[in-house]
Amino acid sequence: MQHLDLSKPTRIECPIYKDDRGSLEVNLIDGEFMPFSPKQIITANCHKNTLKGLHLNYDMCKMIRVLNGGILDIAVNFNSDNTHLTIYEFMLTQEDGWIFIPKGYGHGILFFTESKVEYLLSEPYKDKSCKNIKLIDPFLKYSDALQKEFSNNSH
């Protein structure tokens, strides 16, 4: 069994069984690879150079994986004091498993290619309870290059 630190964004690698016919990936085993029972599953298709987020919902955790394409997955801890925000980054393709995002973390994605991602949510998504923070907001002190490159494509 894989030990999961669910207090912070965590990569979850599920077993993949391969033979000459192809492969089988075991994605959801309650309690071992799945830290919660999903209440909603969302699939998103996004264009290359699209920047989404940060989306923040204090009542929801989520898991994200890439079905095809490539992304930079970004999570920011808003549970701690605002003097020092911890930023987590994960490069992901369809071979890289899942990323778990705990409650209280802002989440954003930079799409490097045309990509399709899948979200498993611990609670149904409600737009009214979600706070949106531009990933290029100066408060986050994120890279100037990222701001210049993607400011016209952010949502």
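Numbers in the numbering used here are just positions in the sequence shown, counted from 1, shifted up by 4.
We treat Cβ as the ideally placed atom computed from N, Cα and C, and that holds for glycine.
Everything numeric in this text was worked out from a predicted model, so none of it was measured.
Sort Asp77, Gln44, Lys12 by Cα distance to leucine 114 and report the nearest one.
The residue given as residue 114 occupies position 110 in the sequence shown. Of the candidates Asp77, Gln44, Lys12, the one whose C-alpha sits nearest the C-alpha of leucine 114 is Asp77.
Of all the options Asp9, Ile137, Gly57, Asn61, which has the alpha carbon lying nearest to the alpha carbon of methionine 38?
On the sequence shown, residue 38 is found 34 positions in, with the first residue counted as 1. Out of Asp9, Ile137, Gly57, Asn61, Asp9 has the C-alpha closest to the C-alpha of methionine 38.
Suppose only complete runs of 4+ residues qualify. What are the alpha helix (DSSP H) ranges in the region 11 to 66, listed by chain order?
None, since the region 11 to 66 contains no complete alpha helix (DSSP H) of that length.
When we look at the beta-carbon of methionine 95 and count the other beta-carbons within 10 Å, is it buried (16 or more) or exposed?
Along the sequence shown, one-based indexing puts residue 95 at 91. By the 10 Å Cβ count, methionine 95 comes out exposed.
What does a CB cutoff of less than 6 Å around glycine 74 pick up in its chain, not counting 5 residues either side in sequence?
Along the sequence shown, read from residue 1 onward, the residue named residue 74 stands at position 70. Taken in chain order, the residues that qualify are Thr97, Phe116, Thr117.
Between which two residues does the beta strand (DSSP E) harbouring aspartate 77 extend?
Working through the sequence shown from its first residue, we reach residue 77 at position 73. 74 to 81 is the extent of the beta strand (DSSP E) around aspartate 77.
Can you name the start and end residues of the beta strand (DSSP E) that leucine 96 belongs to?
Taking the sequence shown and counting its residues from 1, the one referred to as residue 96 is at position 92. Taken as a continuous stretch (DSSP letters only), the beta strand (DSSP E) holding leucine 96 covers 91 to 97.
Could you spell out the range, first to last residue, of the beta strand (DSSP E) harbouring serine 126?
Translated into the one-based positions of the sequence shown, residue 126 becomes position 122. No beta strand (DSSP E) contains serine 126, which DSSP labels as neither H nor E.
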